[in-house]
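Protein chains in written order, with the numbering used here: chain A, 1 to 338; chain B, 339 to 647; chain C, 648 to 980. Even for Gly, the Cβ is constructed at its ideal location relative to N, Cα and C. None of these values were measured; they are calculated from a predicted model. Reviewing the structure listed below.
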Amino acid sequence: MEHLLEIKDLNVQFNIFGSTVQAVRGVSLQLNQGETLAIVGESGSGKSVTSKAIMGLIPNPPGEIASGEILFQGKNLVHYSKKQMQKIRGKEISMIFQDPMTALNPTMRIGKQIIEGLIKHQSMPKSVARDRAVELLTLVGIPNPEKRVDEYPHQFSGGMRQRVVIAIALACHPNILIADEPTTALDVTIQAQILDLLKELQRKRHTSIILITHDLGVVANIADRVAVMYGGKIVETGTLDEIFYQPKHPYTWGLLSSMPKLHSKAKKLQAIPGSPPDLSDPPQGCPFAPRCPYAMKVCQEHMPDQAVLSDTQRTACWLLDDRAPKVEPPETIRAGGE
Amino acid sequence: MAYYILKRIGYMLLTFFIVITLTFLSMKLLPGTPFKQQNRLTPEQLNQLMHYYGLDQPVPVQYVRYLWNFIHGDLGGSFQYGMQPVTDFLWQRFPVSLQLGIEAMIVGTIFGILFGVIAGMYRSTTLDWGTMAFSVVGFSIPSFIFAAILQYVFGVQLRLFPVAGWNDPWNHVLPVISLAIGVTAEVARFMRTEMVEVLSQDYIVTAEAKGLASSAIVMKHGIRNALIPIVTVLGPLTAAVVTGSLVIENIFTIPGIGTQFVESVVTNDYPMIMATTEVYAGLYIVTIFIVDILYGVIDPRIRVSGGGK
Amino acid sequence: MADIKVTGDLFVPSDIDHTLSEKIARKSTSVWKDAMRRFVQNKGAMVSMVIIAIIVVMAMIGSVLSPYDIDDQDLTRSNLPPKISTLSWIPLFDGKENGVDTYQQRGITKDFWFGTDSFGRDLWTRTWQGTRISLIIALVATLVDVFIGVVYGGISGYFGGAVDTVMQRILEIIAGIPNLVWIILLILVMKPGLLAITIAILATSWLTMARIVRGQVLKLKDQEFVLASRTLGSSGGRIIVRHLLPNSLGMIIVNTMFSIPTAIFFEALLSFIGLGIRQPEASLGSLINAGYEILQIHPYQTLYPGLVISLLLICFNIMGDGLRDAFDPKLRR
């Protein structure tokens with residue numbers, strides 16, 4: 001079956017101050033129609049860079065897509081020209097950003113910001129576009145949209161601004177919506193509202209969503225499938241249930257353990273000791289090895305292959321090799337998904 | 339907003355009042371009398387003259403009288419031109435200075451914005467580097483040195499433009515360029531910084547994500563936002579142009595306030611010194627006020643909150 | 648591919664030291680060292696600093712290198728073009744004007760490196776003497792300006808409230824008067840000369856400094872490290888000296904670097920319109936003014952003072968820019 005979006009062996013690098021930072025190293029992903037894929041990882045894991053690569057928004061220089069394919073409806077976006085990419089962006093694939101406080105142009109009325117894309121992609125006359133803007137604002141749940149369409153961003157609260165950003169992203173009925181940490185900058189109560197909105201919009205419009213986040217709580221709430229990224233690589237991917245109930249990679253274990261749990265008796269939050277690898281000098285073996293409590297000699301020297309655990313679950317870890325000692329996941333992940 | 343404007347007008351008037359007082363006081367402290375050139379005057383004649391001009395009255399009386407006359411539009415008569423009202427000269431010369439200043443500001447701002455936008459868009463290229471090198475030079479070197487160079491090269495050596503006068507449009511070229519170089523340089527520096535800053539903002543990425551063309555992004559989202567803070571440098575720039583024009587007018591023999599001022603300083607023409615000083619001060623104060631209001635009008639964030647920094 | 652090399656004996660626990668990954672990769676540097684490092688790396692600023700140093704040295708010793716005094720008038724050698732015998736292959740220093748060797752014509756055997764003015768005074772001596780005067784005015788004006796600005800701005804910002812309001816209103820009103828008007832009125836009242844110019848320049852330049860210091864103090868005094876110090880019982884004086892001033896120092900230095908060229912500029916401007924240094928004393932501005940009057944006949948007389956002042960202004964501005972970038976925390980990585 002053909003995927004809506006398929007990324008094959010994507011490599012993205014940044015040339016900064018004479019050194020090359022390999023931000024994304026051989027990432028492969030698939031996204032199906034109507035599905036929500038969550039890409040999870042800590043800062044610097046390459047998740048945001050992957051999403052920017054899909055949008056063709058890697059700043060060049062210093063960044064470039066070194067190799068790999070991004071197939072959208074079978075067409076390779078990597079080879080698209082700037083002009084062709086502009087036709088994809090906003091129309092086929094849209095993006096929501098992390099910080100709604102800065103994502104909107106402070107000196108432009110929000111109505112205008114919403115319809116810019118419509119006018120560009122659908123050659124819509126301004127008066128019609130304005131009605132569409134009001135419709136979109138209604139859709140994302142902004143009260144009194146006829147009035148607010150003529151207001152400026154600073155007249156909106158953070159949560160309302162994120163709704164506006166979503167309205168902008170949805171303006172042209174995109175096939176794919178990339179949400180880069182859409183709730184990180186918001187209050188917890190607002191976070192839930194925005195997630196509910198995204199879920200509802202997906203139901204109504206059957207849009208595929210790529211959700212970039214470090215928050216497993218958000219993932220559990222919304223995702224169908226999950227890809228865990230670490231050090232520019234996907235270390236584990238699977239359905240929501242697989243990742244939460246049968247995780248196989250020690251990094252996934254660490255992520256799950258570090259989630260705060262309501263019923264846990266532990267007094268301290270579990271943290272993963274250490275910090276992510278320096279990607280200007282990426283480790284030869286598994287990037288997680290230096291922080292992995294189960295690390296073996298082989299982990300430092302060779303990157304493990306993706307082990308196929310089910311139709312949907314793939315995990316890159318030497319622990320899954322027959323020769324490795326059998327390791328049980330720590331008890332602390334248990335409460336994670338419950 | 340209305341309250342803010344009222345408050346600003348209040349300040350404007352207070353500042354102007356203080357300027358008037360200061361000019362008056364400094365004239366009283368000046369060494370020498372306006373008649374010292376006329377050596378042939380006998381003491382009696384001198385006393386008569388002093389009495390005639392009210393210079394023998396106590397200073398507070400002179401001050402009140404000065405203010406009274408000022409409010410009624412009477413700035414006194416020029417000592418050097420046989421008591422012809424000073425305002426006559428001002429009306430004649432002020433438009434010339436104003437025209438020179440406005441022309442220089444317009445030319446300078448347009449080129450400054452252009453250079454700044456280009457430099458900001460092509461950051462870290464030779465184009466950027468060249469623009470900024472020009473900008474540092476233009477910003478550092480005083481306008482009267484540019485004026486001297488331009489006058490010598492294009493006026494004297496190449497004979498392309500007239501070296502003096504103001505009546506013909508060709509007369510305007512050299513003085514306006516001399517004054518505009520500094521403005522261009524300053525605006526270009528500022529505009530570049532703002533462009534770089536604005537183009538790195540998240541909302542530019544949002545615009546890119548909408549699929550807008552880069553030219554549209556720079557025009558609609560970049561330049562507009564970068565332009566707003568430019569208004570803040572227009573005030574100081576006006577001051578610089580006013581300062582510069584004082585000398586430029588003398589270099590190119592332009593019949594404006596600047597030449598009048600220098601002339602009156604040389605001849606101790608008190609009323610004229612006071613009047614020209616007040617014109618300069620008034621011009622500056624009003625410009626600062628306009629710039630302030632303009633800033634509030636352009637930036638919707640300030641417009642609504644009704645304050646301003 | 649990888650499997651070929653993978654052997655069973657590699658599947659043993661590794662001896663990774665987990666504390667290693669917590670190590671801080673780069674040594675921490677102080678704000679000052681960091682700023683200095685960035686400043687030294689700025690080529691433009693370094694070149695500017697060298698040029699300024701050369702000009703300052705010449706201002707100190709330049710006039711001694713020539714046998715003539717600043718006021719050595721001799722009409723027989725008036726308006727001589729620059730001549731340096733050993734460098735006479737350079738058209739600028741061949742002692743010829745419009746193809747005529749004025750030196751030969753008048754039978755003058757000595758060299759005048761920058762030529763002479765209409766009174767026959769040596770322009771080399773006068774240029775460097777003038778530079779000295781211009782620099783002294785700028786330096787004195789700037790130093791006092793820093794002092795007044797820091798005290799005024801510091802008091803205004805530190806005490807805040809009514810004190811601040813009153814002090815700011817005063818400042819606003821003074822700032823509402825254009826610099827030039829202020830300066831010229833002061834010059835007129837005082838006798839034109841070194842002191843008058845210095846005071847006049849000072850009278851306007853301290854405003855900027857006061858504003859910047861006040862802004863810094865206002866920003867800093869509510870920051871947590873100052874509160875912490877206060878909680879620990881530090882006196883007001885200690886907080887000012889130990890916390891507020893050192894943290895504002897970067898901004899103060901940067902602004903000082905911009906005050907110097909402004910002062911040089913105003914001195915030149917005043918001298919140029921005849922309100923500055925009077926003959927026979929010289930400053931860069933008065934030299935340019937004197938040269939300008941005969942620019943069409945003897946352009947070299949304006950060239951050197953013009954060049955020196957342009958270099959000074961450009962270099963001080965580039966250095967100021969360099970320092971500002973060096974201290975700008977936004978660029979800190």
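Using the Cβ count rule (16 or more neighbours within 10 Å means buried), how would you classify residue 79 of chain A?
exposed
For residue 105 of chain A, return the contacting residues in chain B, with the cut-off set at a CB-CB distance below 9 Å.
539, 541, 542, 544, 545, 558, 559, 562 and 563
Every unbroken beta strand (DSSP E) inside the stretch 92-168 of chain A [3 residues or more]:
93-96
With H, G and I counted as helix, E and B as strand and the rest as coil, what does DSSP make of residue 64 of chain A?
strand
Enclosing alpha helix (DSSP H) for residue 305 of chain A [first to last residue]:
Premise fails: residue 305 of chain A is in no alpha helix (DSSP H) and is neither H nor E.
Quick one: list the residues of chain B neighbouring residue 915 of chain C, beta-carbon separation under 7 Å, in chain order.
480
If we ignore side chains and look at the alpha-carbon of each, how far apart do residue 215 of chain A and residue 529 of chain B end up?
40 Å
Tell me whether the stretch 877-892 of chain C and the stretch 730-737 of chain C touch, counting them as touching only if at least three CB pairs, one residue from each stretch, are closer than 8 Å.
no
In terms of residues, what are the limits of the beta strand (DSSP E) holding residue 14 of chain A?
5-16
Are the CB atoms of residue 29 of chain A and residue 7 of chain A within a distance shorter than 9 Å?
yes
Just by C-beta distance, which residues in the stretch 934-947 of chain C are closer than 8 Å to chain B?
935, 939, 942, 943 and 946
Determine the direct distance from the alpha carbon of residue 940 of chain C to that of residue 482 of chain B, and round the result to whole angstroms.
13 Å
Cβ-Cβ separation, residue 534 of chain B to residue 458 of chain B (assumed contact under 8 Å), whole Å:
5 Å
Let me see if you follow: with CB-CB separation under 9 Å, is residue 367 of chain B close to chain C or not?
yes
Three or more C-beta pairs below 8 Å linking the stretch 126-137 of chain A and the stretch 573-583 of chain B:
no
Ends of the beta strand (DSSP E) at residue 228 of chain A?
225-230
DSSP beta-bridge partners of residue 423 of chain B
B:415
Is residue 78 of chain A helix, strand or coil by DSSP?
helix
Which of helix, strand or coil does DSSP assign to residue 200 of chain A?
helix
Can you tell me which of the three DSSP states residue 284 of chain A falls into?
coil
Which class does residue 660 of chain C belong to by DSSP, given the choice of helix, strand or coil?
strand
Excluding the 5 residues flanking residue 317 of chain A on each side, which residues of the same chain have their C-beta closer than 8 Å to its C-beta?
235, 236, 248, 249, 250, 286, 304 and 307
Interface residues of chain A facing residue 621 of chain B [CB-CB closer than 8 Å]:
Chain A residues near residue 621 of chain B: none, gap ~30 Å exceeds 8 Å.
Under the three-state reduction of DSSP, which class applies to residue 21 of chain A: helix, strand or coil?
strand
For a test of the three-state rule: what should DSSP assign to residue 364 of chain B, helix, strand or coil?
helix
If you draw a straight line from the C-alpha of residue 571 of chain B to the C-alpha of residue 456 of chain B, how long is it?
19 Å
Closer than 9 Å to chain B by CB, residue 314 of chain A:
no
Please report the distance separating the alpha-carbon of residue 475 of chain B from that of residue 626 of chain B.
26 Å
Can you name the residues of chain B whose CB is closer than 7 Å to the CB of residue 818 of chain C?
Those do not exist, as residue 818 of chain C stays about 12 Å from chain B at its closest Cβ, beyond 7 Å.
With residue 586 of chain B and residue 960 of chain C assumed to form a contact (beta carbons below 8 Å), what rounded beta-carbon distance in angstroms separates them?
At roughly 17 Å, the Cβ-Cβ gap does not stay under 8 Å, so residue 586 of chain B and residue 960 of chain C are not in contact.
Residues within the stretch 96-129 of chain A neighbouring chain B, beta-carbon criterion of under 7 Å
97, 99, 102, 103, 104, 105, 106, 107, 116, 117, 120 and 121
Shortest alpha-carbon distance to residue 525 of chain B belongs to which of B:591, B:573 and B:595?
B:573
Rounded to a whole number of angstroms, what is the C-alpha to C-alpha distance between residue 477 of chain B and residue 410 of chain B?
41 Å
In chain C, which residues lie with their C-beta within 9 Å of the C-beta of residue 87 of chain A?
Result: empty, since nearest Cβ-Cβ is about 36 Å, beyond 9 Å.
Using a C-beta cutoff of 9 Å, does residue 140 of chain A count as contacting chain B?
no
What is the rounded straight-line gap between the Cα of residue 393 of chain B and the Cα of residue 963 of chain C?
47 Å
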